[in-house]
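Number of protein chains: 4
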Amino acid sequence: LSSAIRSGKVRAPTHVVSTICDDRGEEPTYAGVNMTTLFERDYGVGDVLALLWWKRSLPAYCTKFIEMCVMLCADHGPCVSGAHNTIVAARAGKDLVSCLTSGLLTVGPRFGGAVDDAARCFKAARDANLSPHLFVESMKKKGLRVPGIGHRIKSRDNRDSRVLLLQQYARAHFPQVRYLDYAVAVEDYTLSKAANLVLNVDGCIGALFLDLLASCAMFQAHEIDEIVDIGYLNGLFVLARSIGLIGHTFDQKRLKQPLYRHPWEDVLYTKATCIMQ
Amino acid sequence: LSSAIRSGKVRAPTHVVSTICDDRGEEPTYAGVNMTTLFERDYGVGDVLALLWWKRSLPAYCTKFIEMCVMLCADHGPCVSGAHNTIVAARAGKDLVSCLTSGLLTVGPRFGGAVDDAARCFKAARDANLSPHLFVESMKKKGLRVPGIGHRIKSRDNRDSRVLLLQQYARAHFPQVRYLDYAVAVEDYTLSKAANLVLNVDGCIGALFLDLLASCAMFQAHEIDEIVDIGYLNGLFVLARSIGLIGHTFDQKRLKQPLYRHPWEDVLYTKATCIMQ
Amino acid sequence: LSSAIRSGKVRAPTHVVSTICDDRGEEPTYAGVNMTTLFERDYGVGDVLALLWWKRSLPAYCTKFIEMCVMLCADHGPCVSGAHNTIVAARAGKDLVSCLTSGLLTVGPRFGGAVDDAARCFKAARDANLSPHLFVESMKKKGLRVPGIGHRIKSRDNRDSRVLLLQQYARAHFPQVRYLDYAVAVEDYTLSKAANLVLNVDGCIGALFLDLLASCAMFQAHEIDEIVDIGYLNGLFVLARSIGLIGHTFDQKRLKQPLYRHPWEDVLYTKATCIMQ
Amino acid sequence: LSSAIRSGKVRAPTHVVSTICDDRGEEPTYAGVNMTTLFERDYGVGDVLALLWWKRSLPAYCTKFIEMCVMLCADHGPCVSGAHNTIVAARAGKDLVSCLTSGLLTVGPRFGGAVDDAARCFKAARDANLSPHLFVESMKKKGLRVPGIGHRIKSRDNRDSRVLLLQQYARAHFPQVRYLDYAVAVEDYTLSKAANLVLNVDGCIGALFLDLLASCAMFQAHEIDEIVDIGYLNGLFVLARSIGLIGHTFDQKRLKQPLYRHPWEDVLYTKATCIMQ
Ligand SMILES: CC(C)(COP(=O)(O)OP(=O)(O)OC[C@H]1O[C@@H](n2cnc3c(N)ncnc32)[C@H](O)[C@@H]1OP(=O)(O)O)[C@@H](O)C(=O)NCCC(=O)NCCS
Ligand SMILES: CC(C)(COP(=O)(O)OP(=O)(O)OC[C@H]1O[C@@H](n2cnc3c(N)ncnc32)[C@H](O)[C@@H]1OP(=O)(O)O)[C@@H](O)C(=O)NCCC(=O)NCCS
Ligand SMILES: CC(C)(COP(=O)(O)OP(=O)(O)OC[C@H]1O[C@@H](n2cnc3c(N)ncnc32)[C@H](O)[C@@H]1OP(=O)(O)O)[C@@H](O)C(=O)NCCC(=O)NCCS
Ligand SMILES: CC(C)(COP(=O)(O)OP(=O)(O)OC[C@H]1O[C@@H](n2cnc3c(N)ncnc32)[C@H](O)[C@@H]1OP(=O)(O)O)[C@@H](O)C(=O)NCCC(=O)NCCS
Numbered sequence: 192l193s194s195a196i197r198s199g200k201v202r203a204p205t206h207v208v209s210t211i212c213d214d215r216g217e218e219p220t221y222a223g224v225n226m227t228t229l230f231e232r233d234y235g236v237g238d239v240l241a242l243l244w245w246k247r248s249l250p251a252y253c254t255k256f257i258e259m260c261v262m263l264c265a266d267h268g269p270c271v272s273g274a275h276n277t278i279v280a281a282r283a284g285k286d287l288v289s290c291l292t293s294g295l296l297t298v299g300p301r302f303g304g305a306v307d308d309a310a311r312c313f314k315a316a317r318d319a320n321l322s323p324h325l326f327v328e329s330m331k332k333k334g335l336r337v338p339g340i341g342h343r344i345k346s347r348d349n350r351d352s353r354v355l356l357l358q359q360y361a362r363a364h365f366p367q368v369r370y371l372d373y374a375v376a377v378e379d380y381t382l383s384k385a386a387n388l389v390l391n392v393d394g395c396i397g398a399l400f401l402d403l404l405a406s407c408a409m410f411q412a413h414e415i416d417e418i419v420d421i422g423y424l425n426g427l428f429v430l431a432r433s434i435g436l437i438g439h440t441f442d443q444k445r446l447k448q449p450l451y452r453h454p455w456e457d458v459l460y461t462k463a464t465c466i467m468q
Numbered sequence: 192l193s194s195a196i197r198s199g200k201v202r203a204p205t206h207v208v209s210t211i212c213d214d215r216g217e218e219p220t221y222a223g224v225n226m227t228t229l230f231e232r233d234y235g236v237g238d239v240l241a242l243l244w245w246k247r248s249l250p251a252y253c254t255k256f257i258e259m260c261v262m263l264c265a266d267h268g269p270c271v272s273g274a275h276n277t278i279v280a281a282r283a284g285k286d287l288v289s290c291l292t293s294g295l296l297t298v299g300p301r302f303g304g305a306v307d308d309a310a311r312c313f314k315a316a317r318d319a320n321l322s323p324h325l326f327v328e329s330m331k332k333k334g335l336r337v338p339g340i341g342h343r344i345k346s347r348d349n350r351d352s353r354v355l356l357l358q359q360y361a362r363a364h365f366p367q368v369r370y371l372d373y374a375v376a377v378e379d380y381t382l383s384k385a386a387n388l389v390l391n392v393d394g395c396i397g398a399l400f401l402d403l404l405a406s407c408a409m410f411q412a413h414e415i416d417e418i419v420d421i422g423y424l425n426g427l428f429v430l431a432r433s434i435g436l437i438g439h440t441f442d443q444k445r446l447k448q449p450l451y452r453h454p455w456e457d458v459l460y461t462k463a464t465c466i467m468q
Numbered sequence: 192l193s194s195a196i197r198s199g200k201v202r203a204p205t206h207v208v209s210t211i212c213d214d215r216g217e218e219p220t221y222a223g224v225n226m227t228t229l230f231e232r233d234y235g236v237g238d239v240l241a242l243l244w245w246k247r248s249l250p251a252y253c254t255k256f257i258e259m260c261v262m263l264c265a266d267h268g269p270c271v272s273g274a275h276n277t278i279v280a281a282r283a284g285k286d287l288v289s290c291l292t293s294g295l296l297t298v299g300p301r302f303g304g305a306v307d308d309a310a311r312c313f314k315a316a317r318d319a320n321l322s323p324h325l326f327v328e329s330m331k332k333k334g335l336r337v338p339g340i341g342h343r344i345k346s347r348d349n350r351d352s353r354v355l356l357l358q359q360y361a362r363a364h365f366p367q368v369r370y371l372d373y374a375v376a377v378e379d380y381t382l383s384k385a386a387n388l389v390l391n392v393d394g395c396i397g398a399l400f401l402d403l404l405a406s407c408a409m410f411q412a413h414e415i416d417e418i419v420d421i422g423y424l425n426g427l428f429v430l431a432r433s434i435g436l437i438g439h440t441f442d443q444k445r446l447k448q449p450l451y452r453h454p455w456e457d458v459l460y461t462k463a464t465c466i467m468q
Numbered sequence: 192l193s194s195a196i197r198s199g200k201v202r203a204p205t206h207v208v209s210t211i212c213d214d215r216g217e218e219p220t221y222a223g224v225n226m227t228t229l230f231e232r233d234y235g236v237g238d239v240l241a242l243l244w245w246k247r248s249l250p251a252y253c254t255k256f257i258e259m260c261v262m263l264c265a266d267h268g269p270c271v272s273g274a275h276n277t278i279v280a281a282r283a284g285k286d287l288v289s290c291l292t293s294g295l296l297t298v299g300p301r302f303g304g305a306v307d308d309a310a311r312c313f314k315a316a317r318d319a320n321l322s323p324h325l326f327v328e329s330m331k332k333k334g335l336r337v338p339g340i341g342h343r344i345k346s347r348d349n350r351d352s353r354v355l356l357l358q359q360y361a362r363a364h365f366p367q368v369r370y371l372d373y374a375v376a377v378e379d380y381t382l383s384k385a386a387n388l389v390l391n392v393d394g395c396i397g398a399l400f401l402d403l404l405a406s407c408a409m410f411q412a413h414e415i416d417e418i419v420d421i422g423y424l425n426g427l428f429v430l431a432r433s434i435g436l437i438g439h440t441f442d443q444k445r446l447k448q449p450l451y452r453h454p455w456e457d458v459l460y461t462k463a464t465c466i467m468q
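Chains as they are written, first to last, in our numbering: chain A, 192 to 468; chain B, 192 to 468; chain C, 192 to 468; chain D, 192 to 468.
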């Protein structure tokens, strides 16, 4: 039977549909591009990512920008949730995959998740022709903070170098940066409220990613909506930070660190008296 | 210094707050109840769960009901998402924890998640004195299905024995079952539309859990809201199904099953031609 | 075609084999036992576990012992690796399943994994008629610690109540406890070396579980070997501790704890100067 | 107190040690290299990986080779364990991180794990001056297959293009390729046994990675041992395949695929009759 199916005589309905990579032929292809072509065209990691995530070959300035984001988000020290949980798992003697996933599972709304939110907000606001002033105030009225704005340490006179590097690159290479311009106009307004309400790295990536999608002329409007809606930037952060989390795992194993136990003194045990029936 | 802290001379602010279990004394306590007391009172798994999740000791008919839910949800065969991913991981030669977690990570809105939704909907509708008719029609107007209603195979004349067993138990032991009664009234109405729109096991657990919380007189109204809001029933499903997922892992290891590869014939590879710039 | 397969006319080779639970009939069955029977026989959580893990119905003293282990291992405070990572994930705003799995992924050789090791060692030693003295000294010669022996706080004159409770139960209800007796003889010998080398809770569960398997007369020798080899006791720990980890997740959500960031002051950043080519 | 600690007046012992990334200053540094330097030197993803995993800046031919491996291992279709579990989780409606980790948790001895094994075996054999013939036969005597050798479809006359591309690159750019030469000599010998016992992509990466470590003159012998021992190549595979797994998640979400249920017809339910006491 299964050879009958394979020979095409009998047609079974399939249970899975997949479109990004075909592994049935002589060599696997990414969105139809085979491995030999990949190297002949001198493609890099950013190009492979574009082929597998969007099934298209993006201009070099785009894939280079994607690689810059991966590099800048690769790690942010051992203290953040993701690195911390990975370190704890590594010190429990677990294998690499367990350490990595234990850390990745903390990525979400409060850690690493602001980039998509920033993209969504900036897109909605600018596409609706909301003035920065109106946008910020309407968020405030809803009791929400503007995602991508604000930093605990950085401020007007002490900018985050990552934000500067990304802006500089985009202004030099992107055909246009209208979402970045909008985000900067929002920053101008919020800076008039407090010196630390700068455009942060999440906000900058979010805005520039919108510019990338809009300016490369390879996505239709409904495709951009879908990308922003599904939240592809979260994928970029997760991939980037995996480099760091794997690095922390190796680091702890090299250092032969023992089992971590959080210190008792650092825990407030509130009086837990069981409520009896 | 840290001995100074421990001796109580210096007071450091703590970074963690925890209330369910104290492990600092002679023996760990669950919500203040120590291990010896646990056995002296002939407590069971359901009681431990109640102590750790709600920090209270619930009447026996409640903890017995919780155990019934754990038993009924412990497994549902190898074909559902969770068991399937666990089986695939086990056949890739992974350790028990990796197999279990690979499966658990499929639990969510479409698999195992309907219980909390059912509880939320039945609670909101009944507390607002919405007639079953109005409730169902208002859901329809919003384009939503009533969670906890409907089954692919079961119907009016072929009820799910799990639903019958739970109802029977609750009617015999709970002081009152007003949310169940409401759910059954909803079912009466939906059955008039189609024979398969029965109250399913998720809906039945959701409704009866509301009755448990309301009738044991050990929770204040705002506590019940919080429990329903946070989604404790998902925890019950996850815990229960872990028994099955661990069982499937052992099963595959015992059977020495080889690496699973999904059959090529079962995949529809859509033409992926790379869009070129 | 697929209806032809279903009707039995065509026989396709299957890609999956499964033996613990059948979900095809009127109601799912666990090892052939249906839900109605489960309640008619007044089965509990321990019985369901036995059906799904071993496909047999064990005597009541066995399933009660299993439930005791689940209860005693359900939690051990917020400071251990598992609870800690779960708490960090919960404070990052993640869903229940992510919090639970982030914590579970720390379970392994150094956290929760000693029970199976203890069972393996005690079984090998006693089955080979090694005297406790020879067993301990041969481990020492190999540079290994005896798993299941030793405690940081407990000692000869300050026993762990969990160990006492388990022993008491087993001596009262098990037909025989020869592996426990062996473990206690080992403890006698190690206590002559240092007062804190007591039989700990992992060692006690490991030894008694061997007694359960050997004395209930429902497992053949090769089945017992397989169970000890695969490491079923790890499953027991993982299932039990899930109750606690789920509890910690709810606890942090109830407490509305903010994102956890490990304090900078608690990290030793060693001089990392990049080695240049 | 904590400000006293921060000001350096009081010195608390730290509970965590970390060496790869410092996030305390103006901008995070990777092994001491700050973000601005990263871009001034025109570094890429491979350089960041080298900084975070080995705390050194490797020659360009090395980081380019690392990027080639990432590109070649980025995906291998929807049928392998990892992609399959990711797809199942995506179809259960789960978030990106859950989908990615559900798939990653299948990476291990049978899926993606052969690279490190191949490196370990080739290194041990060549460093011990074992002739290919003796190496293969000694493995056979131990009942083991040579990792990195053998392919289900490829053979002497139908080589894997990925293996050819990697070899070609290394022979053109590496100072020496003695481990690759050794692996090819092993392949010569195994090909004399059967036409499909070719050097596969895992074996090729494993051997060439040893050549990279040995020939760049930036690692001491004991450091190379440690790297091979800890298993860094697994990290390379995991990072690379994450691109594909994230891609599969987006693919399924774009395709709005419904909940996956494995077909009943594809499961062999063996007669499970409960063994009764
Ligand atoms: C970074 C951050 C926590 C700094 O906060 P902070 O300096 O401690 O600010 P406070 O919470 O004390 O707020 C000070 C004022 O600034 C306002 N504010 C802070 N962040 C704001 C934002 N993003 N948008 C608008 N207003 C903001 C506050 O509402 C407050 O106004 P008020 O005094 O009128 O009530 C905050 O800006 C923020 O949450 N930003 C968005 C987060 C983001 O993008 N995170 C990425 C994480 S991956
Ligand atoms: C189980 C289920 C899929 C069965 O669906 P089905 O018999 O294939 O039904 P269909 O999708 O063909 O729908 C048939 C009609 O019943 C209606 N219907 C189905 N489920 C309904 C529900 N839960 N509430 C209200 N109406 C429902 C449909 O809207 C449709 O009405 P229409 O013909 O006027 O458009 C469906 O009832 C359901 O999704 N129920 C809720 C799921 C739930 O609790 N799941 C637990 C999973 S863990
Ligand atoms: C609990 C434990 C860490 C306590 O260790 P400790 O009191 O700090 O003991 P030390 O490491 O200082 O060792 C003191 C001596 O006791 C010996 N010792 C400690 N544990 C031993 C054991 N399990 N078996 C044999 N000897 C042991 C040490 O070898 C050492 O002997 P030496 O002085 O001749 O070298 C240790 O006993 C242990 O690792 N036990 C096994 C762990 C186990 O079952 N863990 C369950 C975790 S889930
Ligand atoms: C790929 C592979 C499964 C192909 O196997 P196959 O063609 O089905 O081969 P068979 O299992 O039928 O074995 C045929 C003969 O080749 C031998 N053989 C197969 N692979 C071998 C290897 N890697 N080294 C040495 N001998 C091998 C078998 O022992 C057998 O010899 P015998 O007839 O004397 O018993 C097998 O070569 C293999 O397991 N290779 C290593 C796997 C590896 O690197 N995997 C990477 C996965 S990520």
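C-beta atoms are modelled at their ideal positions from N, C-alpha and C, and glycine is treated no differently.
Fill in: Residue from A:ASP457, A:SER209 and A:GLU218 whose Cα sits closest to the Cα of D:ARG350
Nearest C-alpha to D:ARG350: A:GLU218.
Practice prompt. Return yes when at least one heavy atom of ligand 2 lies under 8 Å from the C-beta of B:PRO338, else no.
Written response: Correct: B:PRO338 has its Cβ closer than 8 Å to ligand 2.
Worksheet item: Rounded to a whole number of angstroms, what is the C-alpha to C-alpha distance between A:SER272 and B:HIS413?
Response: Going by the C-alpha atoms only, they are around 31 Å apart.
Worksheet item: Would the beta-carbon of D:VAL337 fall within 9 Å of that of D:GLY394?
Response: Yes, these two residues count as a Cβ contact at 9 Å.
Worksheet item: How far does the beta strand (DSSP E) with B:TYR460 in it reach, from first residue to last?
Response: 458 to 460 is the span of the beta strand (DSSP E), which, as asked, contains B:TYR460.
Worksheet item: So, do the stretch 307 to 319 of chain D and the stretch 401 to 420 of chain D have three or more beta carbon pairs nearer to each other than 8 Å?
Response: By the C-beta criterion, the stretch 307 to 319 of chain D is judged to be in contact with the stretch 401 to 420 of chain D, since at least 3 inter-stretch pairs fall below 8 Å.
Worksheet entry | Distance cut-off 8 Å: B:ASP308 Cβ against heavy atoms of ligand 4 | No, ligand 4 has no heavy atom inside 8 Å of this Cβ.
Worksheet item: Grouping DSSP H, G and I as helix and E and B as strand, with all else coil, what is D:LEU399?
Response: D:LEU399: helix per DSSP, three-state reduction.
Discussion item. For A:LYS285, which residues in the same chain have their Cβ closer than 8 Å to its Cβ, ignoring the five residues on either side in sequence?
Written reply: Exclusion of the five residues before and after A:LYS285 leaves SER293 as the residues of its chain whose Cβ lies within less than 8 Å of its Cβ.
Item to complete: Return yes when the Cβ of B:GLY422 is within less than 9 Å of the Cβ of B:ASP318, no when it is not.
Response: Cβ atoms of B:ASP318 and B:GLY422: not closer than 9 Å.
Item to complete: Return yes when the C-beta of D:LEU388 is under 8 Å from any heavy atom of ligand 4, and no when it is not.
Response: Yes, the beta carbon of D:LEU388 sits closer than 8 Å to at least one heavy atom of ligand 4.
Discussion item. Within the continuous beta strand (DSSP E) that includes B:SER209, where are the two ends?
Written reply: Here the beta strand (DSSP E) through B:SER209 covers 207 to 209.
Worksheet item: With 9 Å set as the bound, which would you pick, yes or no: does the beta-carbon of A:PHE441 sit closer than that to a beta-carbon of chain D?
Response: Chain D, which has a Cβ nearer than 9 Å to the Cβ of A:PHE441, makes this yes.
Practice prompt. Select from the stretch 239 to 267 of chain B all residues with a C-beta closer than 8 Å to any C-beta belonging to chain C, and list them in chain order.
Written response: Going along the stretch 239 to 267 of chain B in chain order, one finds VAL239, LEU240, LEU243, TRP244, GLU258, MET259, VAL261, MET262, LEU263, ALA265, ASP266 and HIS267 with a Cβ nearer than 8 Å to chain C.
Fill in: Within-9 Å CB hit, B:GLN358 to chain C
Taking CB atoms only, B:GLN358 has no neighbour in chain C less than 9 Å away.
Worksheet item: Looking only at DSSP bridge pairs, what is C:TYR221 linked to?
Response: Assignment of beta-bridge partners to C:TYR221 by DSSP yields C:CYS212 and C:VAL224.
Worksheet item: Would a C-beta distance cut-off of 9 Å place C:CYS426 and B:THR254 closer than the cut-off?
Response: Per the sequence presented here, residue 426 of chain C reads as Gly, with Cys not at that position. No; because the gap between Cβ atoms is not below 9 Å, this pair is not in contact.
Item to complete: Give the C-beta separation of B:ALA405 and B:ILE415 to the nearest angstrom, bearing in mind that I take them to be a contact with Cβ-Cβ under 8 Å.
Response: Rounded to whole angstroms, the Cβ separation of B:ALA405 and B:ILE415 is 7 Å, and the two are in contact under 8 Å.
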